[in-house]
Amino acid sequence: GAGVSQSPSNKVTEKGKDVELRCDPISGHTALYWYRQRLGQGLEFLIYFQGNSAPDKSGLPSDRFSAERTGESVSTLTIQRTQQEDSAVYLCASSLGGWSSYEQYFGPGTRLTVT
Amino acid sequence: DAKTTQPNSMESNEEEPVHLPCNHSTISGTDYIHWYRQLPSQGPEYVIHGLTSNVNNRMASLAIAEDRKSSTLILHRATLRDAAVYYCPRGGQNFVFGPGTRLSVLP
């Protein structure tokens, strides 16, 4: 079956521009997670969706970052006025349910480069 | 802040067993213990998870201490393809991934 997909796979943008990153979770997965991974670093949690509500936005690094999810489907992570420190791989994961009783399945990530 | 701690790196010989430790001293009673791995230039991959009892699957075994303050991921026979960064994230409503353990497998 289809796994988690993300688009674009690579994005190069100029400092100050806005970008949108898309995540298509596995069908039927109610929980969706966004992470950021800087070069050579571990994963940094950004936001978690249960259905289309986001009970935990605590990881969003600034108000330039926002995310939304349509139903139990596609999610979009938007970064406004991008900065060079936003350069990273942005990973999306989905799971059957929230909390930690279900394993997460990760997409291949979107590599964002801000010049 | 409740975090898990792991050694930065470990080394193993091919076809030898590998025991990767993780300390999660502040884990809550309802949080599952998860393990993921990340191969170079790929997204993380689920390995195994459990709550209290030891778990086995086709990839690995998970041994959970009786007090749940630590766990060990066991790869029974390491292969070159097992070289990766292994994470044991803190569970709960979101997952907190630390820097993980970089496993090198020597031929």
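Chains as they are written, first to last, in the working numbering: chain A, 54 to 168; chain B, -17 to 89. Ideal Cβ positions, reconstructed from N, Cα and C, are used throughout, including at glycine. Remember, predicted model here, so these are calculated numbers, not experimental data.
- Residue-level contact by beta carbon holds for residue 78/B and chain A, with a gap shorter than 8 angstroms.
- For the region 82 to 116 of chain A, the set of residues with a beta-carbon nearer than 8 angstroms to any beta-carbon of chain B comprises 86, 88, 94, 95, 96, 97, 98, 101, 108, 109, 111 and 112, in chain order.
- When rounded, the separation of the alpha-carbon atoms in residue 6/B and residue 78/A is 29 angstroms.
- Between residue 17/B and residue 9/B, the C-beta gap is not smaller than 8 angstroms, which leaves the two residues out of contact.
- Contact annotation: residue 168/A and residue 68/A have beta-carbon atoms nearer than 8 angstroms.
- Cα atoms of residue 62/A and residue 76/A: separation of roughly 11 angstroms, rounded to the nearest angstrom.
- Under the DSSP assignment, residue 56/B falls in the beta strand (DSSP E) whose first and last residues are 52 to 57.
- Chain-ordered listing is empty here: chain B has no CB closer than 7 angstroms to the CB of residue 150/A, the nearest sitting near 11 angstroms.
- Excluding the 5 residues flanking it on each side, residue 58/A has same chain C-beta neighbours closer than 7 angstroms at 77 and 160, in chain order.
- Relative to the Cα of residue -8/B, the nearest Cα in the group 24/B, 72/B and 56/B belongs to 56/B.
- Close to residue 156/A, with beta-carbon spacing below 8 angstroms, are these residues of chain B in chain order: 16, 28 and 31.
- Listed by position along chain B, the residues whose Cβ is nearer than 8 angstroms to that of residue 144/A are 25 and 26.
- At a cut-off of 8 angstroms between beta-carbon atoms, residue 68/B makes no contact with chain A.
- Taking 8 angstroms as the CB threshold, residue 82/B lines the interface with chain A.
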